[in-house]
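Asks: Going by full-length UniProt numbering, the sequence shown opens with residue 1, and the numbers climb by one from there.
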Amino acid sequence: MPTNDDIQSGLWSIFYDYDRNVLRGPQILVTGRTSRHMITWLAILLTLTLPCLYIWLRRMVLAIIHATLRETPPDGEEDREPGVRKTLAMYLSLPGDEENPLKSIKKIGEKAGRPPSRHGPIALPDEDGHNGELANEEPPPTSDIWPNFREDLNTTGRAFLSGVPGYRKKRETLALWLSILFFMVLFVGGIYATVRYSDIADDSVVCTSSQKAGAWKSNPDSPDFLLGDRFVIDEDRQRRVWAYKDACYNGDQSDLSCETFYRTLIPSTSEVNISCPFDGDICLYGKFGAYRRTTGLLDSNILGINAPASKIFHFRKTMDCSPLRMDSPYITPGGPPVFPNQYLYDYGPQLIGDFTDPNTYRNPMEWKPDFDDITPYTLWPVVYVPGAPARSNFYPLREVTAGNKVVTLFFISTAGEYFHVLESHDPIFPAHKSIPYRFQPDKRSLFWYNNSTRAGVLGCVDSHEICPDSTGKGCWGPFDIQRAFDEKFQDDLARRRAFYLLIVALEDFYAWKVVQYPQASVLDATRRARRFVGIRLHPEQWKIEVDGIFNATLAAMQIRIFDYARGTYRSHENVIDSTPSSLKGASNLNAGIEISKMFKFRNSAYQNVSAIGFWAIIAVCIILFVGSRRFSTSERRKELIERTNEGGYHDQLWAWILWKACIVVEFRELGMCVFNTIIWLAVKIMIACSFVKRRWNSYANLSDETSSSIDHLGDDISGHPQSNGDAGDGAHDDF
C-alpha cells in the first residue's frame, strides 16, 4: 500500500468519514491521477452496459403489456403464439351474455363472409401443439362460432385477435405510452447516469498517521533550554493564525491555504446590545451596549475530528466585548514625578515578571515630532486568567472581573496625525478635530483627526464549554474540562481521544493569545492607513476589530489541532510531547500517533472515491450484463435441436463457456507464447551463428594476409625469394 507524507492511499485503502451518511461514509483514498483513471473506466463500463439496460427495459415493457392483457409474457418469438391461444381460450370460455367479446368475433366473421357455425365445442391447440378441448363442459353458443375457427386460430391467431376493436385500442394505447416511457427512461436515465457517476469522487479529505504527531511544547527542563525557546512556537503560530484568518475568514477563500482544513472556517454569529459582561458598571454604553460573537453549539467534526456520532462532542465558544469607561478614576493625566506627561490607566495592577506596576498601562500625552518613525496605531493587551496567576499579567479591579471567565483589555491609541475622510465617533478610533487641506490650488477638502494620544480601552470576556451531546446540557466550562477528562469516559478510549483532541483545539483560547506578538499590526484600522491621508473607517470600527480578533481565535483552533496531528513543531529544539500516556492503546505506537489517525484534513493531491458507489456501479453493470443474457435450459436446447438440428450444450452451459473462454484460451495463448519464444530463440541463434561465422572468416583472412606479409618481409631481408619450401631448400643446397 503506497504511502506519501504519512498518508495511506490505494485502491484498498479505505477510511470511514463519519460526517457523511452510511452509504457515503466508506471512502477509497487514491491520488488524483488514479481517481481520474477509475472514473474513466467506470464511464466505459457504463457505456458498454447501456445495451444490456435496453434489453432489461424492453422485457419490462413487454411484461407490463402482457400482464395488462392477461397473457403469459413471451420469452422469445417461438413462445408468443401459445400465449395468444391461451388468451383466446379464456375469452371463448366466458358466458354468452351481452358483455361477451365473442359477439365482436361473430361480427368480424360475418364481415369476412363466413357463416356462423352450428357445430359443437371447439378444439383448441394446447401449448404442445396437440388438439385439446376447452375446459368448459358447456360449449359456448354455437351461433357465435364458425367452422373455420380452429384453422384461423392456428394460422392467424395474433392477427385475428388484433382485429377485436376493444383489444386493439387497448393494446395500441398501452403500447404507445409504455414505449414513450421506455424511451424517456432509457434516454434520460443514460444521461443522468453519465452525469452523476462522477459524483463518487467529490472530495479530497485524508486521514493521517504522522510519526511526528504530538503536543510538542518547549521543555524548560532541557539542559540546553533558552528563555527564547518559550516564545518561538507561540510567535510562529500567531503569525500563521493571522495569515489564515486574513486569507480565509475575510477574503473570498480563493487562496490555496483555504483548502487545508476539513472545513474552511468555523461558522459564528453576532449579537448586539447584549448585557455588559463585566461584574461592575464599567461598560461605556451602560448595562446593554456590549457586542457578542459566538459559534453556538457546534459538532466537533467541524474541526476535523473524525469520530462516530456516539463518540463526538459539541462545543461553544463566545467572546463579549465593550468599550470601557475612560473617565476618572480609570484614566488620569500626569502622575508621579517619575512618569510626567503621561496618561495613567488604572483598571488593576500590572504584573511585569516579579515587579508589580500599580497602573495597568501608561502612554505619553504628546506625539513624537517625527511622523515617519511611528505607526498609525499602537496596541497593548493585558490578560487575567482566573485561578492561573502564571498565565495572567494583571489583576483587575472588582468591577473589571467577569466571574470565572478570562478578561482581556486592549489599549489602542493613535500615535500621530492620521486624517480621516469622515468624522469618527468611535470611542476607540475617534476623529473629532477638523482640518482643511488643499491638494490642488482649486480644490479644498476637509479632514478629521484625533488630537489626543489617550488610548481607547476595549474590554473582552472569553469563555467556552464542551458538551457531551447535542442537547447542550451537562457541559463543562474552561476550568472544569480537565477534571472531566480525568474522570469521565475511562472505559471508552476512542471517546477520550476525541475529547482530548477538542481540548487541544481550545487550549489558550482567549483573545490575548492571538495578539500577544503581532499587536497593532493585525488591526483592520492599521491596515487601512495609507501614510497620513485618507483613512476610511467603519462608524463602529471597534466591532470590526472584535470580529477580526474572534475570527483569529477560531483560526487558532483549527491550526492548533492541525499542528498536533501533523507534528508541525516536532523538529524544533528542546521540545517535549505532553500527550497523556493514558491515551496509549494496545499497540506499540505512541499515543500521539494513534490519536492523529482521528484527524482529517484536505490534501489536493488526493481524491476520495465512494467505496460503496464504486463497487456498486461495477456490481450493477455485471448484474445487468448477466441478467440480459438468455440462460440455456434443457427444454430450450431440446427445442433448438428439433428446429435447427444444432445447439444442445450440456446443462453446465456457463461452466462450458468459462472453460472455453478462459482455460482453453489461456492454454492456446500459452502455446502461442511458447511457440513464439522458440521461434525467437531460433532466430537469435541463427543470427548469432552468422555473426560468429563472419567474425571467424574475417579473422582467417587477416591471418593469411599477415603470414604473406611476413614471408615478403623475409624475402626483402635475405634478398632471395622464398616462393615455397622446395625453392628454399634448393637455394640452400646451392649455397
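Heads up, the beta-carbon is just placed ideally off N, CA and C, and yes, glycines get one too.
Do you know whose CA, among A213, I679, R497 and C621, lies nearest F313's CA?
Replies: Cα-wise, what sits closest to F313 is R497.
Asks: Looking at C-beta atoms only, is the number of pairs between the region 295 to 302 and the region 379 to 392 that lie closer than 8 Å three or more?
Replies: No, they do not touch.
Asks: Have a look at S452 and I503 and give me their C-alpha separation to the nearest angstrom.
Replies: Cα to Cα, S452 sits roughly 43 Å from I503.
Asks: Can you list, in chain order, the residues of its chain whose CB lies under 7 Å from that of N219, leaving out five sequence neighbours each side?
Replies: Answer for N219: F225, N574, V575 and I576, listed in chain order.
Asks: Which residues bound the beta strand (DSSP E) around E271?
Replies: It spans T269 to S275 - the beta strand (DSSP E) in which E271 sits, taken as one unbroken run.
Asks: Nearest to D508 by CA position, among H572, M184 and S392, is which residue?
Replies: Looking at the Cα atoms, S392 is the closest of the given residues.
Asks: How would you call H420, buried or exposed, if buried means at least 16 neighbouring beta carbons within 10 angstroms?
Replies: Buried, because 16 or more other Cβ atoms sit within 10 Å of the Cβ of H420.
Asks: Tell me whether the beta-carbon of E540 lies closer than 9 Å to the beta-carbon of D524.
Replies: Result no, Cβ atoms of E540 and D524 do not sit closer than 9 Å.
Asks: So which of A309, D281 and R36 has the shortest CA-CA distance to Y16?
Replies: Comparing Cα-Cα distances from Y16 to each of A309, D281 and R36, the minimum goes to A309.
Asks: Along the chain, where does the alpha helix (DSSP H) containing V232 start, and where does it finish?
Replies: It spans D229 to Y244 - the alpha helix (DSSP H) in which V232 sits, taken as one unbroken run.
Asks: Considering only the alpha carbon of each residue, which of V620, Q607, F599 and T568 lies closest to D19?
Replies: Of the candidates V620, Q607, F599 and T568, the one whose C-alpha sits nearest the C-alpha of D19 is F599.
Asks: With C-beta atoms as the reference, is A505 less than 9 Å away from R560?
Replies: In this structure, R560 lies closer than 9 Å to A505 by Cβ.
Asks: Measure from the alpha carbon of T579 to the alpha carbon of each residue in S587, K317 and S596, then state which is nearest.
Replies: Minimum Cα distance to T579 is reached at S596.
Asks: Does the region 485 to 499 come close enough to the region 421 to 432 that 3 or more CB-CB pairs lie under 8 Å?
Replies: These segments do not touch.
Asks: Would you check if there are 3 or more beta carbon pairs closer than 8 Å linking the region 278 to 293 to the region 392 to 407?
Replies: Yes, since at least three Cβ pairs between the region 278 to 293 and the region 392 to 407 fall closer than 8 Å, the two stretches touch.
Asks: Can you tell me whether DSSP reads S35 as helix, strand or coil?
Replies: Helix, per DSSP.
Asks: Around the Cβ of Y569, are there at least 16 other Cβ atoms within 10 angstroms (buried) or fewer (exposed)?
Replies: Buried, because 16 or more other Cβ atoms sit within 10 Å of the Cβ of Y569.
Asks: For E259, tell me which candidate among Y244, T269, V232 and Q516 has the shortest Cα-Cα distance.
Replies: Nearest option by C-alpha distance: Y244.
Asks: State the CB to CB distance for the pair C321 and C460, rounded to an integer number of angstroms; the pair is presumed to be in contact (CB under 8 Å).
Replies: The pair is a contact, with the Cβ atoms about 4 Å apart (cut-off 8 Å).
Asks: Apart from the five residues on each side of it in sequence, which residues of its chain come closer than 6 Å, Cβ to Cβ, to S413?
Replies: Within the same chain, S413 has close Cβ partners N363, T378, T453 and A455.
Asks: Please report the straight-line C-alpha distance between W12 and D462, rounded to a whole angstrom.
Replies: Whole-angstrom Cα-Cα distance: 46 Å.
Asks: Which same chain residues end up closer than 6 Å to G548 when comparing Cβ atoms and leaving out the 5 residues on each side of it in sequence?
Replies: Excluding positions up to five away in sequence, the list reads D524.
Asks: At what residues does the alpha helix (DSSP H) containing K543 begin and finish?
Replies: Where K543 is concerned, the enclosing alpha helix (DSSP H) stretches over Q541 to R566.
Asks: I'd like to check one pair, D202 with N608: are the Cβ atoms closer than 9 Å?
Replies: For N608 and D202, yes; Cβs fall inside 9 Å.
Asks: Return helix, strand or coil for V383, following the three-state DSSP convention.
Replies: Correct three-state label for V383: strand.
Asks: Using CA coordinates, which residue listed in V407, W380 and A215 is at the minimum distance from A388?
Replies: Ranking V407, W380 and A215 by Cα distance to A388 puts V407 first.
Asks: Helix, strand or coil for Q211 per DSSP?
Replies: DSSP places Q211 in coil when its eight states are reduced to three.
Asks: By the DSSP assignment, the beta strand (DSSP E) with L502 in it spans what residues?
Replies: It is not in any beta strand (DSSP E) - L502 instead sits in the alpha helix (DSSP H) that spans L493 to L506.
Asks: Just confirm the distance between the C-beta atoms of Y361 and F411, as a whole number of angstroms; I'd bet it's less than 8 Å.
Replies: Correct: roughly 5 Å between the Cβ atoms.
Asks: With a cut-off of 8 Å on the beta carbons, I'd call S581 and A591 a contact; round off their distance for me.
Replies: Contact flag correct, Cβ pair sits at about 6 Å.
Asks: Based on the DSSP output, what are the partners of W448 in its beta bridges?
Replies: Per DSSP, H420 and S434.
Asks: Any idea if E358 is buried or exposed, counting beta-carbon neighbours within 10 angstroms, 16 or more meaning buried?
Replies: The residue you asked about is not Glu; residue 358 is Pro in the sequence shown. Counting Cβ neighbours within 10 Å, P358 comes out exposed, since fewer than 16 surround it.
Asks: I believe T295 touches I274 by the beta-carbon criterion, under 8 Å. Please report the beta-carbon distance rounded to the nearest angstrom.
Replies: The Cβ separation is near 16 Å, so there is no contact.
Asks: Starting from S392, follow its DSSP beta bridges and name the residues at the other end.
Replies: DSSP, once it has assigned bridges, lists no residue as partnering S392.
Asks: Suppose you measure from the CA of L554 to the CA of I593; what does that come to, to the nearest Å?
Replies: Using only the alpha carbons, I get a separation of about 25 Å.
Asks: Identify which residue in F429, C248, G403 and G472 has its Cα closest to the Cα of H538.
Replies: When each option's Cα is compared against that of H538, the closest is F429.
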